[in-house]
Amino acid sequence: MFSHTYAFLIICLVSGCIAYKATNPTSLLIARIIFSVSLIALLAHAPHPEDL
83 MFSHTYAFLI ICLVSGCIAY KATNPTSLLI ARIIFSVSLI ALLAHAPHPE DL
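Under my numbering, the first residue of the sequence shown is numbered 83, with each subsequent residue one higher.
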């Protein structure tokens, strides 16, 4: 789980850098898509409470 969390944090940093340096709306959209997909992937791989 921790490796998934670290990968998610790295993806968040990358998408944040893309959004920060963006000069056009397309780059902002790409950054939001990257963040959303990585968040969904992190939540999909998270352990469920009944598995703990």
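All C-beta atoms in this analysis are idealised placements derived from N, C-alpha and C, irrespective of residue type, glycine included.
Closest by C-alpha distance to residue i, when choosing among the options
i          : options               : result
residue 95 : 107, 117, 112 and 85  : 117
residue 86 : 113, 127 and 102      : 127
residue 92 : 131, 107, 121 and 132 : 121
Simplified DSSP assignment, three categories, for residue i
i           : result
residue 87  : helix
residue 105 : coil
residue 131 : helix
Chain-order list of residues whose beta-carbon lies under 6 Å from that of residue i (same chain, five-residue window excluded)
i          : result
residue 98 : none
Close beta carbons around residue i, own chain, < 8 Å, minus the five adjacent residues each side
i           : result
residue 109 : 100, 101 and 103
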